[in-house]
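Step one of this worksheet: look at the structure below.
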Amino acid sequence: MKKVFIDAEFVCDRRKLDMTRISKYLLRNGYEIVDSPKKADVILISTCGFGNSLADTSFKKIKELKKYDGEVIVTGCVPDTDKKRFDYFFNGRSFSTKHIDEIETYFPGNKVSFSEIEDGNSLWINLNRDKISDTFRLLFLKFNLIKKAYVGFFDQMFRNNIGENHLILQTFYGLNLPIDDLYDIRIASGCWQNCSYCAIKKGVGGFKSKPLDICLNEFKNGLEKGYSNFFLTAEDTGCYGLDINSNFPDLLDKIMNIDGEYRINIYALNPRWVVKYIDELEEIVKKGKIKAILIPIQSGDNRILQHMNRYSDVEKIKSAFMRLKKANSDLTLATHCIVGFPSETDQEFKETLDFIKAANLDLGIIMSMSIKADTEAESIEPKVSRKEISKRLRSAQKYLRNLGYMTFKVKGTLYYRKKE
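Mapping the sequence shown onto the working numbering, position 115 (from 1) lands on 117, and the numbers just tick up by one.
Encoded structure:
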């Protein structure tokens, strides 16, 4: 029996769901999942290529795990998002996110095929007994009362900083702790868009919706298991159904026809789809089941959005935000923005801050621009210096505090939320 150690610490929720599914595949085929790379015959690591700093972290983790005796197999997005660097750095076996079915070629001859394994609905929790911090986590998580107190402490810490709906920003997952009352439903895989600054599509491939009946069955299963807090996620949730003769509002309508007490969080609903479906979304939000929506605008300036290859009618986006908030004042609206996209002027960045003010956003993050190799953004000039980006982040923090937001910065990212 082969022993496998799974590492998926610094990756997004979709990659953690991948690893949960892979763990089911391995367990059903007789493999043992171990809690230390020292014990493993195979070390399977998932990687993130979203930004250069996260890719750097992935390379560091690969190097760290290569010191063990077990064979290191790399998956996730880095094999494709950072292909040149990865091929130079790593000469072992690997498969990217868009080729996840290749797991069968690395663990062959099994009774249960990977296609028979249902998707994950909980995030993979990375625990390594070789690390002192994870040893404490294992001890705390073993006993339910201590576990609740331990998880509750960090949950409250993030609530104090980011607010009640901190989960919509995914920040909590970085702590590598279970969210016991949250049921994840990945409604699609791959990406529809071609943003000029992003390399993720290289890793995840083209867009593919999960069949409607499977999404609904996963939701019903979550309710039957006692969950009331649901998280709909994908690389781009809003284009759900375009490849299967359906659409995102239709999915939401059918979910909300299911009886039960529950709340729904929606991740990565891009502005293009919010504007397209605003009439339907407005009626859906009025029903009060939608708790929070993350709508990543990335910029509040039309010219910059055009260079980003994103939907670029800022006034229509702003109007859609306001209509959703009017439909239900308890709805939490969050966003992602980027500071320092190539050629962005100081005034154009101020347009982003003005958008946050005008749309009366509840919370969000402003990320420093990270230029990925072999993306369109790499060739756009002039580049904005790191010094100027830092200056704009400081200016944004002051601006948002003057509006009454709580703010804090972590590694070049500014978090903000309304004071309660």
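Each residue gets a CB set at the ideal place from its N, CA and C atoms; glycine is no exception.
**Prompt:** Helix, strand or coil for F155 per DSSP?
**Reply:** Counting from one through the sequence shown, the residue named residue 155 turns up at place 153. Residue placement at F155 is flagged as unreliable, the pLDDT there being 42, under the threshold of 50; a coordinate-derived value is accordingly withheld.
**Item:** Supposed close pair I187, I105 - CB separation, criterion 8 Å
**Value:** If you number the sequence shown from 1, residue 187 lands on position 185. If you number the sequence shown from 1, residue 105 lands on position 103. Going by Cβ atoms, the distance from I187 to I105 rounds to 22 Å, so no, they are not a contact pair.
**Message:** Using CA atoms only, rank isn't needed, just tell me which of S60, S98 and G51 is closest to C200.
**Reply:** Translated into positions along the sequence shown, residue 200 becomes position 198. The residue with the shortest Cα to Cα distance from C200 is G51.
**Prompt:** Whose C-beta lies closer than 7 Å to the C-beta of K5 among residues of the same chain, with five residues either side of it excluded?
**Reply:** By 1-based counting over the sequence shown, the position of residue 5 is 3. Closer than 7 Å at Cβ, skipping near neighbours: E34, V36, K41, A42 and D43.
**Item:** Same chain, Cβ closer than 8 Å to G205, five either side skipped, listed in chain order
**Value:** Counting from one through the sequence shown, the residue named residue 205 turns up at place 203. So the list reads G51, G78, C79, V80, P81, D82, T83, S98, T99 and K100, once near-sequence residues are dropped.
**Item:** Close beta carbons around E383, own chain, < 7 Å, minus the five adjacent residues each side
**Value:** By one-based count along the sequence shown, residue 383 stands at place 381. These residues qualify, in order along the chain: P344 and S345.
**Three or more C-beta pairs below 8 Å linking the stretch 202 to 217 and the stretch 228 to 244** = yes
**Prompt:** Which ranges would you report for the alpha helix (DSSP H) in the stretch 237 to 293 if only whole runs of at least 4 residues count?
**Reply:** 250 to 258, 273 to 278 and 280 to 288
**Prompt:** Mapping DSSP to helix, strand and coil, what is D58?
**Reply:** As a first step, residue 58 must be located in the sequence shown, where it is residue number 56. D58 falls in the helix class under three-state DSSP.
**Asked** Quick check: the stretch 313 to 325 against the stretch 215 to 224, are there 3 or more CB pairs under 8 Å?
**Response** At 8 Å Cβ cutoff, the stretches do not touch.
**Item:** Of the residues I373, T334 and R87, the one placed nearest K421, counting alpha carbons only
**Value:** Within the sequence shown, the letter at position 419 stands for residue 421. Closest by alpha carbon: T334.
**Message:** Just to confirm, is the Cβ distance from E378 to S124 under 8 Å?
**Reply:** Looking up residue 378 in the sequence shown gives position 376. Looking up residue 124 in the sequence shown gives position 122. No, they are not a contact pair.
**Request:** Mind checking who T77 pairs with in its DSSP beta bridge?
**Result:** The residue labelled residue 77 in the question sits at position 75 within the sequence shown. Bridge partners of T77: S48.
**Item:** Option in Q349, W194, F233 and K69 with minimal Cα separation from S397
**Value:** Position 395 of the sequence shown, counted from the start, is the residue given in the question as residue 397. Per the Cα distances, Q349.
**T235 (DSSP reduced to helix, strand or coil)** = In the sequence shown, residue 235 corresponds to position 233, counting from 1. Residue state, collapsed to three classes: strand.
**Request:** Using a threshold of 8 Å, state whether the C-beta atoms of V341 and R305 are closer than that.
**Result:** For the purposes of this step, residue 341 is taken as residue 339 along the sequence shown, with counting starting at 1. For the purposes of this step, residue 305 is taken as residue 303 along the sequence shown, with counting starting at 1. At a Cβ-Cβ threshold of 8 Å, V341 and R305 do not count as neighbours.
**Item:** Span separating the alpha-carbon of E353 from that of L225
**Value:** Taking the first residue of the sequence shown as position 1, residue 353 is located at position 351. Taking the first residue of the sequence shown as position 1, residue 225 is located at position 223. Straight-line Cα distance between these residues: approximately 42 Å.
**Prompt:** Alpha carbon to alpha carbon, what distance is there between D20 and K68?
**Reply:** Here residue 68 corresponds to residue number 66 of the sequence shown, with the count starting at 1. Here residue 20 corresponds to residue number 18 of the sequence shown, with the count starting at 1. Looking at the two C-alpha atoms, the distance is approximately 22 Å.
**Message:** On the CB-based measure, 16 or more other CB atoms within 10 Å of its CB, does Y229 come out buried or exposed?
**Reply:** The sequence position of residue 229 within the sequence shown is 227, counting from 1. Classification of Y229: buried, given that the 10 Å Cβ count is 16 or more.
**Request:** Using three-state DSSP, classify I319 as helix, strand or coil.
**Result:** On the sequence shown, residue 319 is found 317 positions in, with the first residue counted as 1. Helix, per DSSP.
**Message:** Taking the beta strand (DSSP E) that M369 belongs to, which residues open and close that run?
**Reply:** In the sequence shown, residue 369 corresponds to position 367, counting from 1. First-last of the beta strand (DSSP E) with M369: L365 to S370.
**Prompt:** By Cβ distance, which residues of its chain are closer than 7 Å to P251, with the 5 residues on each side in sequence left out?
**Reply:** As a first step, residue 251 must be located in the sequence shown, where it is residue number 249. If we look at P251 and ignore the five residues flanking it on each side, its Cβ neighbours are Y279, E282, L283 and I286.
**Prompt:** Run through DSSP, which three-state label would D89 get?
**Reply:** Taking the first residue of the sequence shown as position 1, residue 89 is located at position 87. D89 falls in the helix class under three-state DSSP.
**Prompt:** Any idea which residues DSSP pairs E34 with across the strands?
**Reply:** For this step, residue 34 is matched to residue 32 along the sequence shown. Note: E34 sits in a beta bridge opposite K5.
**Whole-angstrom distance between L254 and L405, CA atom to CA atom** = As a working note, residue 405 is residue 403 in the sequence shown. As a working note, residue 254 is residue 252 in the sequence shown. Roughly 34 Å separates the two Cα atoms.
**Endpoints, beta strand (DSSP E) assigned at F410** = Indexing the sequence shown from 1 puts residue 410 at position 408. Element bounds for F410: Y407 to V412.
**Prompt:** What is the rounded straight-line gap between the Cα of R312 and the Cα of I368?
**Reply:** Translated into the one-based positions of the sequence shown, residue 312 becomes position 310. Translated into the one-based positions of the sequence shown, residue 368 becomes position 366. If I take the Cα positions, the gap works out to 17 Å.
**Asked** According to the neighbour-count rule (16 or more other Cβ atoms, all chains shown, within 10 Å of its Cβ), is Y418 buried or exposed?
**Response** Taking the first residue of the sequence shown as 1, we reach residue 418 at position 416. Under this definition Y418 is a buried residue.
**CA nearest to the CA of G192, picked from Y185, L184, N112 and A236** = To locate residue 192, count along the sequence shown from 1; it is residue 190. Answer by Cα proximity: A236.
**Asked** Which of the three DSSP states, helix, strand or coil, is assigned to Q195?
**Response** Mapped onto the sequence shown, residue 195 falls at position 193. Coil, per DSSP.
**Request:** Measuring alpha carbon to alpha carbon, tell me which of R30, Q308, D15 and G32 ends up nearest T49.
**Result:** Taking the sequence shown and counting its residues from 1, the one referred to as residue 49 is at position 47. Among R30, Q308, D15 and G32, the Cα nearest to that of T49 belongs to D15.
**Message:** Let me confirm a value: I375 is counted as buried when at least 16 other C-beta atoms fall within 10 Å, else exposed. Which label applies?
**Reply:** The residue given as residue 375 occupies position 373 in the sequence shown. Ile is not the amino acid found at residue 375; the sequence shown has Ala there. A375 comes out exposed.
**Message:** Restricting to Cα atoms, I'd like to know which of N54, D89, I8 and N31 is closest to V114.
**Reply:** For this step, residue 114 is matched to residue 112 along the sequence shown. Answer by Cα proximity: N31.
**Request:** Give me the Cα-Cα distance between S370 and C339, rounded to the nearest whole angstrom.
**Result:** Here residue 370 corresponds to residue number 368 of the sequence shown, with the count starting at 1. Here residue 339 corresponds to residue number 337 of the sequence shown, with the count starting at 1. C-alpha separation (whole angstroms): 9 Å.
**Prompt:** Which residue's Cα is closest to the Cα of Y407: W275, I102, G366 and N330?
**Reply:** Numbered from 1 along the sequence shown, position 405 holds the residue referred to as residue 407. Checked all of W275, I102, G366 and N330; the closest Cα to Y407 is G366.
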